[in-house]
């Protein structure tokens, strides 16, 4: 609709300048084709204040103000429109690049979380832990492991990752319930040493979980907590039970 207003000005150009009808690179023809192309790509029908529409509107108004054809004016308008088109193209490219990076980041985060869960469950498998340990290992600890893995760029041989797994083994050892055959109350000194180690290693990386870390360490020193237990099942066992349940529901 906006370009239809150029009918009269362009008719005057065709009459006054014979080259307009024969020269494909005529500035007026080139500008009109550029307005069509950019309008097709960048006009937002839902909001004409966005995209290329304001620039095309400015171009049409400028042509109207100039009563006679001026090649320099048309060349300048074409240059401005080309720059506006390039700017929008760059913005879209940057937006698309950011979207790709966000998706890559989300994929890496999910991958790291999956590895953290798998490693923690492998270390917990076959052991009966106090309930507070279950809550800590499935909460703050998984976030800690995930962050360590991301920072080490998924390097399973990195010192930070190996240190984290070593600390996890110690946490599990100290968290064994009285129902576990190997369960024993750790000494006060051992808990104190673990507390210092966790605050230095874990607390420094995820300080927003300090309350949860302190709560867990307090539970370790509480003898009454040793009777509350949690045991993680083997993955194959869990899958088998789920399959049996599904079969029962079908029947």
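In my numbering, the protein residues as written are 625 to 875.
We put the beta carbon where it would ideally sit given N, CA and C, even for glycine.
Bear in mind that the values here come from a model prediction, so they are computed numbers and not experimental data.
*residue 752 by DSSP, collapsed to three states: which one?*
strand
_For residue 696, tell me which candidate among 851, 651, 789, 841 has the shortest Cα-Cα distance._
651
*Along the chain, where does the alpha helix (DSSP H) that runs through residue 642 open and close?*
It is not in any alpha helix (DSSP H) - residue 642 carries neither H nor E in the DSSP assignment.
*Go ahead and pull the three-state DSSP assignment for residue 705.*
helix
*How about residue 766 and residue 740: are their beta carbons less than 8 Å apart?*
yes
*Which residue from 730, 792, 851 puts its Cα closest to that of residue 807?*
851
*asked:* Short of 8 Å in beta carbon distance, which residues of its chain neighbour residue 818, apart from the five on each side in sequence? Order them along the chain.
replied: 794, 795, 798, 810, 841, 844
*Rank 705, 722, 836 by C-alpha distance to the C-alpha of residue 657 and give the top, closest one.*
705
_alpha helix (DSSP H) runs wholly inside the region 712-786, at least 4 long, in chain order_ = 755-761, 764-775
_For residue 672, three-class secondary structure by DSSP_ = Residue 672 falls in the coil class under three-state DSSP.
*Does DSSP put residue 626 in a helix, in a strand, or in coil?*
coil
*Is it right to say residue 698 is buried, meaning 16 or more other beta carbons lie within 10 angstroms of its own, or is it exposed?*
buried
*Roughly how far, in whole angstroms, is the beta-carbon of residue 791 from the beta-carbon of residue 821, given that I think they are within contact range, below 8 Å?*
7 Å
*Measure the C-alpha to C-alpha separation of residue 849 and residue 802 and round it to an integer number of angstroms.*
9 Å
*asked:* With a threshold of 8 Å, are at least 3 pairs of Cβ atoms found where one atom belongs to the region 626-646 and the other to the region 684-693?
replied: yes
*8 Å contact criterion, which residue 769 and residue 743 should meet: CB distance rounded*: 7 Å
*Nearest neighbour of residue 655, chosen from 670, 784, 637, 727 [CA to CA]*: 637
*With a 10 Å radius around its C-beta and 16 neighbouring C-beta atoms as the bar for buried, classify residue 772 as buried or exposed.*
buried
*What is the DSSP secondary structure of residue 829, counted as helix, strand or coil?*
coil
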